[in-house]
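Heads up: the sequence shown at position 213 corresponds to 213 in UniProt numbering, and the numbers run straight through without jumps.
By construction, the Cβ of each residue, glycine as well, lies at the ideal position given by its N, Cα and C atoms.
Since we're looking at a predicted model, the values are computed, not measured.
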Amino acid sequence: MPAQSIWTLLSWGPDGWSDDIASGVLVTIVLALATLPIGLTIGFFVAFAKQHEEPSLRLAANIYTTVFRGLPELVTLFLFFFGMPLLLQYIVRLFNPNATIDVNSFIAGMIVLSLIFSSYASEVFLSAFRAIPKGQYEGGYAIGLGKWQTMRLIILPQLIRIAFPGLENCWLSLLKDTSLVSVVNLAETLRQSGVAARVTKHAFLFYSVAALIFLALAILSSIATGQILRHLGRRAVR
């Protein structure tokens, strides 16, 4: 393929695909950032339940992580994307027989990725919980703090520092897993690159571009998380 045609295909505007791919990158980043806080929150409470004294909570948390770590991500996405509308439609039609339900691809992807991310993040949080000596809890109770005050003021700051490197790996996996949502027609990076590859018949070029984009996002994420980790380290020293 001539060099000029490569730059034309990668140009901005009606003759190139860079604007379409850039919009896909934006969707990828937004999807990952929208998933992150939900997954972290669920993962924290699942880890908390796993070490709770109540056996039923431990059992439920263990079942949760076993299911979402054991199922292939793509299968989970398909089950939710195609199964949830059927369930919701059945419920809604109990009240309105003519109603129809569609699941938005972005919302479906965000929910499924949150479930998958949280199942792995919960194991990271659980390891961090176990790394904190019980004396830290007892010290908080001894100075008159309640359970949630002890958790918020004493345990949680230590937990974040201990869990952060593992959560960084979970975040990088989350960035890569956003590509799965392309199969349900969400116009993210891989989907847009695939469309360009099919239309132009230059699959290697556009899938290489997608690979470089994900690699760049991973590098930028590593730089950002490194800065955060150093900041947490400085706070721990104070």
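Query                                                                                                : Result
Bounding residues of the alpha helix (DSSP H) (the contiguous stretch that carries Ile29)            : 18–50
DSSP-derived helix/strand/coil call for Ile132                                                       : coil
Residue interval of the alpha helix (DSSP H) (run including Lys201)                                  : No alpha helix (DSSP H) holds Lys201; DSSP gives it neither H nor E.
Whole-angstrom distance between Ser105 and Trp171, CA atom to CA atom                                : 21 Å
Beta-carbon proximity check, Phe117 vs Val103, cutoff 8 Å                                            : no
Segments of 3+ residues assigned as beta strand (DSSP E) that fall wholly inside the segment 136–201 : none
Which of helix, strand or coil DSSP assigns to Asn96                                                 : coil
7 Å Cβ shell around Ala197 - same chain, five flanking residues per side excluded                    : Ala203, Phe206, Tyr207
Rounded C-alpha distance that separates Phe95 from Ile101                                            : 13 Å
Residue closest to Met84, alpha-carbon to alpha-carbon, out of Val112, Tyr64, Lys147, Phe125         : Val112
Residues near Ser119 in its chain [Cβ-Cβ closer than 6 Å; skip 5 each side]                          : Thr65, Phe68, Arg69
Residue burial classification, residue 270 (beta-carbon count within 10 angstroms, cutoff 16)        : The requested residue 270 does not occur in the structure, where the chain is confined to residues 1 to 238.
Nearest-angstrom Cβ-Cβ length linking Gly24 and Arg191, presumed shorter than 8 Å                    : 6 Å
Limits of the alpha helix (DSSP H) - the one that Asn62 falls within                                 : 55–70
Ile6, enclosing alpha helix (DSSP H) - first and last residue                                        : 3–9
Ala210 and Ser222 closer than 8 Å at C-beta                                                          : no
At least three beta-carbon pairs within less than 8 Å, the segment 144–157 to the segment 176–189    : no
Proximity of Ser114 and Ile63 at Cβ, strictly below 8 Å                                              : no
Cβ pair Phe129, Ala47 closer than 8 Å                                                                : yes
Option in Gly226, Leu159, Phe214, Ala22 with minimal Cα separation from Val124                       : Leu159
For Val237, the three-state DSSP class (helix, strand or coil)                                       : Because the pLDDT at Val237 is just 49, under 50, the model does not fix this residue reliably, and the value given afterwards should be weighed accordingly. In the structure shown, Val237 sits in a helix (DSSP, three-state: H, G or I).
Separation of Thr76 from Leu88, as counted between CA atoms                                          : 17 Å
Coil, strand or helix - Val75 by DSSP                                                                : helix
Residue of Thr178, His231, Thr8 minimising C-alpha distance to Ile213                                : Thr178
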